[in-house]
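Residue 183 in the numbering used here sits at position 192 of the sequence shown; the count goes up by one each step and never skips. No residue lacks a Cβ here, since even glycine has one placed at the ideal position from N, Cα and C. Note that the coordinates shown come from a computational prediction; the quantities given were computed from them, not determined experimentally. A short write-up of the structure that comes next.
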Amino acid sequence: MKYTNLSSLALATFILSSCNQAPDKNREQQVVDNATVQDTHTSGSNNTAPEKFSFDAVIKDYLALKNALTADDDKAAADAGKQLFSTLNAVDIKAIPGDKLKDYTEIADNAKENAEHIGANAGKIDHQREHLASLSKDMADLIELMGTTQKLYQNHCPMFNDGKGAVWISETKEIKNPYYGSKMTTCGSVQKEY
Ligand SMILES: [Cu+2]
-8 MKYTNLSSLA
2 LATFILSSCN
12 QAPDKNREQQ
22 VVDNATVQDT
32 HTSGSNNTAP
42 EKFSFDAVIK
52 DYLALKNALT
62 ADDDKAAADA
72 GKQLFSTLNA
82 VDIKAIPGDK
92 LKDYTEIADN
102 AKENAEHIGA
112 NAGKIDHQRE
122 HLASLSKDMA
132 DLIELMGTTQ
142 KLYQNHCPMF
152 NDGKGAVWIS
162 ETKEIKNPYY
172 GSKMTTCGSV
182 QKEY
């Protein structure tokens, strides 16, 4: 396995246990959302465009979310979190190669939970940033699995989470730390290029 999904799942579970929202309610909502998306898909039978998996929209939404937290903007981060959640739910899993489907689903489910919590926590930027740490691991895992057409960097902040550190995915080589924003913009280093 190229990615370490188990550790990000463990982190998400840890974060979720400190959240106000009942996880069961989230899951129900997710099921409803999935059903809605599937309905729209099946009813759009006039659409003759070939179904092709594109991961670009997910990356675009993640980067908007990351940049909102870099700018210390909890409301924009919440909006971006909601957008990412709906983009992830709209992904047509039929377009994902069969041998990658199981891994994709596991990581994407985790990413959805993180995006949803960031969306629901405007006003609590510290909590949004905890979820960003788990979400960024998910994104790194998804990029390893699905690839990217866009040039991206995996950056590392050594200080976040009591010195345990956290990664983020960036479109620029220049360090702009989303975990500390204006307090410590240039903390971190480039760990990997995609
Ligand atoms: Cu949360």
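What residue does the alpha helix (DSSP H) around residue i start on, and which one ends it?
{"i": "A106", "result": "G89 to G110"}
{"i": "S125", "result": "I116 to M137"}
{"i": "A68", "result": "D65 to A81"}
{"i": "G154", "result": "F151 to G154"}
Report the partner residues of residue i according to the DSSP bridge assignment.
{"i": "I160", "result": "Q145"}
Between the Cα of residue i and the Cα atoms of the options, which residue gives the shortest distance?
{"i": "K164", "options": "Q141, D100 and K155", "result": "Q141"}
{"i": "Q145", "options": "A55, D70 and Y185", "result": "Y185"}
{"i": "G72", "options": "K167, D52, P149 and T61", "result": "D52"}
{"i": "P88", "options": "A102, F46, K66 and H118", "result": "F46"}
{"i": "A81", "options": "A99, D94 and D64", "result": "A99"}
{"i": "N168", "options": "V49, A102, A67 and L60", "result": "L60"}
{"i": "E135", "options": "D153, C178, D94 and K57", "result": "D94"}
{"i": "I166", "options": "K91, K155, I50 and K57", "result": "K57"}
{"i": "A102", "options": "I84, M130, L92 and K85", "result": "M130"}
{"i": "D117", "options": "T96, V181 and D153", "result": "D153"}
{"i": "L75", "options": "D83, L54, K91 and D90", "result": "L54"}
Just to confirm the assignment, what range does the beta strand (DSSP E) spanning residue i have?
{"i": "V49", "result": "V49 -> not in any beta strand (DSSP E); alpha helix (DSSP H) instead, spanning D47 to T61."}
{"i": "S180", "result": "S180 to E184"}
Excluding sequence positions up to five away, which residues of its chain have a Cβ less than 7 Å from the Cβ of residue i?
{"i": "A157", "result": "A124, S127, C148, F151 and Y170"}
{"i": "H122", "result": "I6, N105, H108 and I109"}
{"i": "Q119", "result": "L60, D65, A68, I109 and N112"}
{"i": "T176", "result": "K167 and N168"}
Once you ignore the five residues that flank residue i on each side, which residues in its own chain have a CB closer than 6 Å to its CB?
{"i": "K183", "result": "Q145"}
{"i": "S173", "result": "D63"}
{"i": "M137", "result": "F46"}
{"i": "T139", "result": "Y185"}
{"i": "S161", "result": "Y144 and N146"}
In its own chain, which residues sit with a C-beta less than 8 Å from the C-beta of residue i, not counting the 5 before and 5 after it?
{"i": "K196", "result": "Here the chain has residues from -8 to 185 only, and residue 196 is not among them."}
{"i": "L133", "result": "F46, V49, Y95, I98, A99 and A102"}
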